[in-house]
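Residue numbering for the sequence shown follows the numbering used here, starting at 37 and increasing by one per position.
We put the CB at the ideal spot given by N, CA and C, even for glycine.
Data block below; observations after.
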Amino acid sequence: MEIVLNMVAFAFGAIFGSFYNVVIYRLPRKLSISKGTSFCPQCKHRIMPLELIPIVSFIFLRGKCAHCHTPISFRYPLIEFITGLTFMLSYLRFGLSYSTLVAMILASLCIIVAMIDFDTMEIYDRFNIMILLLALISMIGLSPLPLTDHIIGFFVISVPLYIIAIITNGIGGGDIKLMAVSGLLLGYQATLIAFFIGAILGGSMAIYLLVTKQTQMKSLIAFGPYLCVGIFTSYLYGLEIFNWYLNLFRI
Ligand SMILES: [Zn+2]
37 MEIVLNMVAF AFGAIFGSFY NVVIYRLPRK LSISKGTSFC PQCKHRIMPL ELIPIVSFIF
97 LRGKCAHCHT PISFRYPLIE FITGLTFMLS YLRFGLSYST LVAMILASLC IIVAMIDFDT
157 MEIYDRFNIM ILLLALISMI GLSPLPLTDH IIGFFVISVP LYIIAIITNG IGGGDIKLMA
217 VSGLLLGYQA TLIAFFIGAI LGGSMAIYLL VTKQTQMKSL IAFGPYLCVG IFTSYLYGLE
277 IFNWYLNLFR I
């Protein structure tokens with residue numbers, strides 16, 4: 037039974053993921069998300085419902101347009117897969133509960149924010165506002181933490197980042213706002229872990245790019261995607277990691 041529910045959560049996520057692909061593609065191009073069907077960008081062939089089954093269609097079409105056989109980017113099934121995976125992990129962590137729903141919504145926002153930031157180096161305010169709303173709802177009914185932990189979470193990373201941004205001009209305002217609203221959702225303990233994960237991932241990538249001199253891969257420098265991985269991971273396990281870390285120093 038449990039494995040069936042995990043698979044349902046994955047399938048559910050993959051379906052949402054295919055919608056996020058549309059959002060990620062259309063929002064930066066100022067196209068309507070609700071209107072218009074999907075076309076092959078090469079031959080304008082209208083994509084039929086059967087060609088829209090997440091992941092499965094991509095495999096059956098061997099990653100090509102059914103009409104003109106132009107290769108379809110691998111990132112579409114990848115985003116569907118990642119969304120499915122995050123939904124499944126959310127269910128595995130919290131079971132049938134409101135926290136699972138919050139985790140799935142957070143995963144969705146993180147995936148969209150990460151990919152748009154990766155493409156455009158921008159984090160849209162509207163998504164930060166959605167995380168803010170999610171934080172307010174979750175603080176009222178769901179969180180085991182006291183309110184003050186959430187409020188400290190809002191400032192604990194965003195303020196130092198803001199100061200660094202003023203000094204170095206190297207951090208985007210979107211990253212700062214993202215860490216503020218996510219901090220409110222996570223509480224300060226998990227926020228520290230989220231940022232730590234993001235900094236380790238982003239830092240390793242920056243060093244890798246420097247060493248291999250791949251300066252054309254500039255989009256990999258966007259900090260948002262790494263922060264998003266940290267934020268989602270930390271929503272699931274941040275408190276546990278934080279307590280585990282504190283216990284290392286307890287005699
Ligand atoms: Zn085509």
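Those residues placing their Cβ nearer than 7 Å to any heavy atom of ligand 1 are, following chain order, C76, Q78, C79, H81, C101, H103, C104 and T106.
Contact check for I212 and S194: beta-carbon distance about 5 Å, within the 8 Å limit, so the pair qualifies.
The alpha helix (DSSP H) runs of length 4 or more contained entirely in the region 203-254 are, from start to end of the chain, 209-222 and 224-248. DSSP places F75 in the strand class (E or B) of the three-state scheme. CA-CA distance, F52 to R62, rounds to 15 Å. With 16 or more other CB atoms across the displayed protein chains lying within 10 angstroms of its CB, C146 is buried.
Scanning its chain for C-beta atoms nearer than 7 Å, with the 5 sequence neighbours on each side dropped, one finds around C104 the residues C76, Q78, C79 and H81, in chain order. If you draw a 10 Å sphere on the C-beta of E87, you find 16 or more other C-beta atoms in it, and that means buried. Residue range G260 to N283 is occupied by the alpha helix (DSSP H) that includes C264.
Of the candidates M151, K71, F117 and A102, M151 places its Cα closest to the Cα of I60.
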